[in-house]
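Asks: Have a look at the structure that comes next, please.
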Amino acid sequence: MHDAKALSHQPKFSRPDLMVIVACGLSMLIVQMDWFALNLALPAIARDFGEPATDLQWVVSGYMLSIGALMVTAGRLADIFGRRRVIVIGLVIFGVLSVACGSAWGPTSLITARVIHGVGAALIFP
Numbered sequence: 009m010h011d012a013k014a015l016s017h018q019p020k021f022s023r024p025d026l027m028v029i030v031a032c033g034l035s036m037l038i039v040q041m042d043w044f045a046l047n048l049a050l051p052a053i054a055r056d057f058g059e060p061a062t063d064l065q066w067v068v069s070g071y072m073l074s075i076g077a078l079m080v081t082a083g084r085l086a087d088i089f090g091r092r093r094v095i096v097i098g099l100v101i102f103g104v105l106s107v108a109c110g111s112a113w114g115p116t117s118l119i120t121a122r123v124i125h126g127v128g129a130a131l132i133f134p
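Residue numbers (this note's numbering): 9 to 134.
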């Protein structure tokens, strides 16, 4: 049997709590949208660089590899230095490297920027 009183005392979120939830959700949305948008734009990027799209697969793979390789480490850093600080640093890295990716002058610079971009994304996840 369910107790009606127990169900009526659900925890309420304060405004700062909701702001944190929204900020974290938007951060995750930005990281995921970036990955999906790149997959859609890869053929056009390859055309602009005059390279076959298969040569630019490291743009996607390097990003995902750096996220996967650093996610556990990023979680530990968040435990040591605080989640807010690590997420803010991740957002700064992600933002700066987004600009670097957009202004890449060739495949090598784009791949390098995307790998470091993945570091910022990994710091956002914990």
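Using N, Cα and C, we set each Cβ at its ideal position, and we do this for glycine too.
The structure displayed is predicted, hence computed values, not measured ones.
Residue 66: which of 134, 131, 120, 127 sits nearest, CA to CA?
Replies: Residue numbering aside, residue 66 sits at position 58 when the sequence shown is read from its first letter. Nearest option by C-alpha distance: 120.
Asks: Residues in the same chain with beta-carbon distance under 7 Å from residue 109, minus the five sequence neighbours each way, listed in chain order, please.
Replies: In the sequence shown, counting from the first residue as 1, residue 109 sits at position 101. Around residue 109: 118, 121, 122, 125.
Asks: List, from N- to C-terminal side, the alpha helix (DSSP H) runs of 4 residues or more that fit wholly inside the region 19-93.
Replies: Segments of the alpha helix (DSSP H) lying fully in the region 19-93: 23-57, 65-89.
Asks: With a threshold of 6 Å on Cβ separation, who are the neighbours of residue 134 within its own chain once the five nearest residues in sequence on each side are excluded?
Replies: Within the sequence shown, the letter at position 126 stands for residue 134. Closer than 6 Å at Cβ, skipping near neighbours: 82, 83, 86.
Asks: Output the distance between the C-alpha atoms of residue 43 and residue 91, rounded to the nearest integer angstrom.
Replies: Taking the first residue of the sequence shown as 1, we reach residue 43 at position 35. Taking the first residue of the sequence shown as 1, we reach residue 91 at position 83. Cα to Cα, the separation comes out at about 23 Å.
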